[in-house]
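Below: the structure, in structure tokens.
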Amino acid sequence: MRCARSTPCTASASIPWSAGCSRGPRCPTKCCCAATRRSGRVPSVWAKRRSGGKPTSGSCGPWKTRRSIAGSSPMIYLDNAATTPVDPRVAEVMAATQRTYPGNPSSLHAAGRAARAALEDARAQVAALLGTEPETVVFTSGGTEANTLALLGVFEALPPGSHHLVTSEIEHPSVLAPAARLERQGVRVTRLRPGPEGWIDPDTLARALRPDTRLVSLMAANNVTGVVQPLDALAKITQARGILLHTDAVQAVGKIPLDLQRLPIDLLSLSGHKLHGPKGVGALIVRSGVRLAPQMLGGGQERGLRSGTENTPALVGLGLAAALAHREGPDDAVRLVALREHLLEGLETRVPQVYVIGDRWRRLPGHLCLGFAGQEGEAIKVLLALDEAGIAASSGSACSAQRAAEPSAILSAMGFDPLKARGALRLTLGRFTSAAEIERVLSVLPSVVQTLRPLTSGV
1 MRCARSTPCT ASASIPWSAG CSRGPRCPTK CCCAATRRSG RVPSVWAKRR SGGKPTSGSC
61 GPWKTRRSIA GSSPMIYLDN AATTPVDPRV AEVMAATQRT YPGNPSSLHA AGRAARAALE
121 DARAQVAALL GTEPETVVFT SGGTEANTLA LLGVFEALPP GSHHLVTSEI EHPSVLAPAA
181 RLERQGVRVT RLRPGPEGWI DPDTLARALR PDTRLVSLMA ANNVTGVVQP LDALAKITQA
241 RGILLHTDAV QAVGKIPLDL QRLPIDLLSL SGHKLHGPKG VGALIVRSGV RLAPQMLGGG
301 QERGLRSGTE NTPALVGLGL AAALAHREGP DDAVRLVALR EHLLEGLETR VPQVYVIGDR
361 WRRLPGHLCL GFAGQEGEAI KVLLALDEAG IAASSGSACS AQRAAEPSAI LSAMGFDPLK
421 ARGALRLTLG RFTSAAEIER VLSVLPSVVQ TLRPLTSGV
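First residue of the sequence shown? That's 1 in the UniProt record's numbering, and the numbers climb one at a time after it.
Pasting the structure below:
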């Protein structure tokens with residue numbers, strides 16, 4: 001569905017955004033639909049949700065509904081750890097960029113220079129979110145490529161010799177797989193095990209370091225449990241020993257503060273689609289002086305570290321997503337913590353023996369990972385019942401969802417037995433999660449669990 005605006009958008013993606021609408025910034029050139037300009041609200045695919053599934057006049061974009069067991073109602077999306085819906089403001093600026101900037105950012109003519117300027121504006125926005133310099137931002141196709149470039153890039157840039165990598169058992173597959181490849185190539189790899197609360201003890205890291213340790217790669221926040229790692233303490237240890245530190249911050253960026261002026265982190269991975277930006281785009285932050293061997297060869301884009309023509313519209317979208325997270329993230333976090341705790345407290349009063357997996361408080365604002373006593377090993381049945389009710393949730397990483405019947409390696413590393421490790425339910429809230437949706441979940445999930453418990457207990 002096209003924007004209701006009658007004339008094409010000609011706004012420059014590099015124009016600063018000004019405050020004005022009830023949810024935050026909007027384009028000063030008013031490149032949004034007429035309905036939005038009249039109401040002061042952001043053009044939103046979510047307008048359909050707020051109106052009970054019926055599109056509002058002039059709303060931009062469709063929000064698909066589905067048939068649920070309660071009748072026809074909008075889907076309630078609680079799988080923001082897998083991917084976040086694109087913010088309508090981001091979608092709009094991407095569409096405008098697609099029309100306005102046809103040039104290749106590497107071209108010398110005016111169209112190329114304009115595309116390059118938009119790209120560099122996006123780079124500066126990502127850098128500002130993380131408290132770093134624009135020249136440290138290397139654009140990639142997402143978090144997986146950023147992690148691969150960090151791990152393989154560091155070790156392939158080293159001279160031959162004895163080399164050691166420290167990571168953990170609870171990392172994303174895009175860290176574990178490069179680590180396994182390096183191990184096959186002769187790099188010694190130590191995989192740290194977390195405590196029962198899901199975080200790595202800094203003393204455990206300190207004991208694992210050796211004279212030939214070249215890199216430590218530990219995530220900022222876990223994709224399954226939502227537990228936030230003690231990055232401050234971990235980074236101080238690696239800094240004191242002169243060892244490079246990489247953090248997979250895909251789940252954390254835009255949700256919790258990460259200030260690289262304060263944190264001595266050398267490499268940081270992020271992904272656009274985890275902060276209400278587009279899929280297929282991300283970045284690796286590379287601190288000045290860190291040497292990497294490129295993994296994508298060709299034209300030498302991104303300071304020679306990542307060849308390939310840049311996706312200007314997607315990167316402009318990533319830049320705006322970062323800018324929105326920078327400005328609105330603190331308020332979003334407060335709201336999400338309140339919704340998360342309301343959801344948890346409601347479940348605790350309605351569902352006997354529900355428990356939080358991982359540290360109760362050291363976690364991402366909108367992230368809950370739950371277990372249900374007597375329901376262990378049956379997450380799939382709960383998920384299917386919720387899906388039938390129009391509620392999207394998950395049991396863990398979408399990257400391995402096809403193996404959902406297998407025990408979670410992350411929960412197994414935390415000491416859960418295989419049955420409990422197969423029974424986790426992940427509910428992850430996002431920018432567009434409403435209090436009314438949480439009430440709907442509280443009206444559905446307890447009955448789902450209570451209905452399935454006799455079936456799984458053999459009663």
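Note that beta-carbon positions come from the ideal geometry of N, C-alpha and C, so glycine has one too.
1) Taking only the alpha-carbon atoms, compute the straight-line gap between residue 305 and residue 299 and give it to the nearest angstrom.
2) Go to residue 227, then tell me how far its beta strand (DSSP E) extends in each direction, as first and last residue.
3) Could you name the residues that DSSP lists as bridge partners for residue 192?
4) Mind checking which residues open and close the alpha helix (DSSP H) that includes residue 412?
5) How far does the beta strand (DSSP E) with residue 285 in it reach, from first residue to last?
6) The beta strand (DSSP E) that contains residue 276, what's its start and end?
7) From the DSSP output, in three-state form, read off residue 203 for me.
8) Put residue 451 into one of helix, strand or coil per three-state DSSP.
9) Closest to residue 186 by C-alpha separation, out of 204, 333, 175 and 161, would be which residue?
10) What three-state label does DSSP hand residue 440 in the structure shown?
11) Please report the distance separating the alpha-carbon of residue 302 from that of residue 140.
12) Return the chain-ordered list of same chain residues with a C-beta closer than 7 Å to the C-beta of residue 179, the five sequence neighbours on each side being excluded.
13) Where are the beta strand (DSSP E) runs, 3 residues long or more, that stay fully inside the stretch 79 to 105, in chain order?
14) Please classify residue 221: does DSSP put it in a helix, a strand, or coil?
15) With a threshold of 9 Å between beta carbons, is residue 357 in contact with chain C?
16) Do residue 214 and residue 163 come within 9 Å of each other at the CB atom, strictly closer than that value?
17) Three-state secondary structure (DSSP) at residue 248?
18) Roughly how many whole angstroms lie between the Cα atoms of residue 116 and residue 359?
19) Could you name the residues that DSSP lists as bridge partners for residue 392?
20) Which of the three DSSP states is assigned to residue 148 in this structure?
Reading it off the structure:
1) 10 Å
2) No beta strand (DSSP E) holds residue 227; DSSP gives it neither H nor E.
3) 168
4) 409 to 413
5) 282 to 286
6) Unbroken run through residue 276: none, as it is neither H nor E.
7) helix
8) helix
9) 161
10) helix
11) 9 Å
12) 151, 165, 167 and 189
13) none
14) strand
15) Among the chains of the structure shown, chain C does not appear; only one protein chain is present.
16) yes
17) strand
18) 44 Å
19) 77
20) helix
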